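Residue numbers (this note's numbering): 171 to 351.
Heads up: the structure comes next, in structure tokens.
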Ligand SMILES: CC(C)(COP(=O)(O)OP(=O)(O)OC[C@H]1O[C@@H](n2cnc3c(N)ncnc32)[C@H](O)[C@@H]1OP(=O)(O)O)[C@@H](O)C(=O)NCCC(=O)NCCS
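Right, here's the structure in full:
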């Protein structure tokens with residue numbers, strides 16, 4: 171894709187404003203920092219709790235270009251979480267299930283110093299509101315290892331409710347949902 175084309179696609183999804191954070195569509199140029207947040211930050215153990223860290227090539231295969239260039243908003247989009255001008259992490263939605271108008275979210279705030287300040291809750295509220303109002307989404311869902319109390323609390327504060335539990339790699343996990351109904 172040409173640079174100009176990316177610019178056009180970037181404008182399809184606007185910057186989303188929360189009360190504390192701003193969510194800016196992440197760009198292709200930010201893939202390396204997103205990789206660092208995911209694989210080499212305080213939060214890496216929460217995203218790769220099995221300890222299997224992907225190489226950059228694998229990571230960019232898993233996170234296709236559409237997450238960053240806006241070329242296919244229905245297949246997923248990453249947003250940079252900003253405090254002022256400072257990028258602190260990623261929040262994203264994945265491929266939309268149009269049979270159910272539902273979508274899974276992920277979130278990571280890289281440094282411990284930026285946690286427990288309400289930024290995660292605010293980012294989740296801002297993105298879910300955006301998806302309900304602009305993308306015809308009816309249900310957002312997110313999954314979390316039950317022992318991750320901070321994430322569970324942030325999701326609850328953003329309005330998510332536990333729907334069921336399941337075991338993944340020997341650990342109890344919660345499936346949590348937020349409906350706009
Ligand atoms: C999960 C995450 C996005 C939450 O964002 P955050 O900005 O840190 O969360 P918030 O500040 O909005 O809310 C966290 C809440 O948990 C509480 N909390 C934190 N640790 C806790 C603990 N051990 N026991 C009880 N409560 C705890 C905080 O006090 C806060 O609640 P409060 O506002 O009522 O005081 C962020 O911490 C993160 O990126 N963590 C690492 C990656 C991760 O776990 N991703 C999710 C994988 S499913």
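We put the CB at the ideal spot given by N, CA and C, even for glycine.
Bear in mind that the values here come from a model prediction, so they are computed numbers and not experimental data.
Rounded to the nearest angstrom, what separates residue i and residue j at their Cα positions?
i: residue 242; j: residue 341; result: 34 Å
i: residue 293; j: residue 190; result: 8 Å
i: residue 270; j: residue 347; result: 13 Å
i: residue 284; j: residue 318; result: 17 Å
i: residue 344; j: residue 217; result: 15 Å
i: residue 220; j: residue 323; result: 22 Å
i: residue 331; j: residue 325; result: 8 Å
i: residue 337; j: residue 297; result: 27 Å
i: residue 198; j: residue 239; result: 6 Å
i: residue 351; j: residue 230; result: 35 Å
i: residue 328; j: residue 202; result: 29 Å
i: residue 213; j: residue 305; result: 29 Å
Under DSSP, the beta strand (DSSP E) around residue i begins and ends at which residues?
i: residue 335; result: 331 to 338
i: residue 288; result: Residue 288 -> no beta strand (DSSP E), and no H or E assigned at all.
i: residue 260; result: 256 to 263
i: residue 195; result: 192 to 195
Counting only the same chain and skipping the five closest in sequence on each side, list residues whose C-beta sits under 7 Å from that of residue i.
i: residue 206; result: none
i: residue 194; result: 185, 249, 250, 252
i: residue 282; result: 212
i: residue 339; result: 220
What residues in its chain sit with their C-beta under 8 Å from that of residue i, if we drop five residues either side in the sequence?
i: residue 287; result: 190
i: residue 335; result: 316, 342, 343, 344, 345
Looking only at its own chain, which residues have a Cβ that is under 6 Å from the Cβ of residue i, when we skip the five neighbours before and after it?
i: residue 211; result: 280
i: residue 300; result: 186
What residue does the alpha helix (DSSP H) around residue i start on, and which one ends it?
i: residue 239; result: 236 to 239
i: residue 319; result: 319 to 327
Can we say the stretch 218 to 231 touches the stretch 255 to 274, given the rule of at least three CB pairs closer than 8 Å? In short, these stretches do not touch, since the Cβ pair count stays below three.
With contact counted as at least three CB pairs below 8 Å, one residue from each stretch, are the stretch 268 to 275 and the stretch 307 to 319 in contact? Yes, the stretch 268 to 275 is in contact with the stretch 307 to 319.
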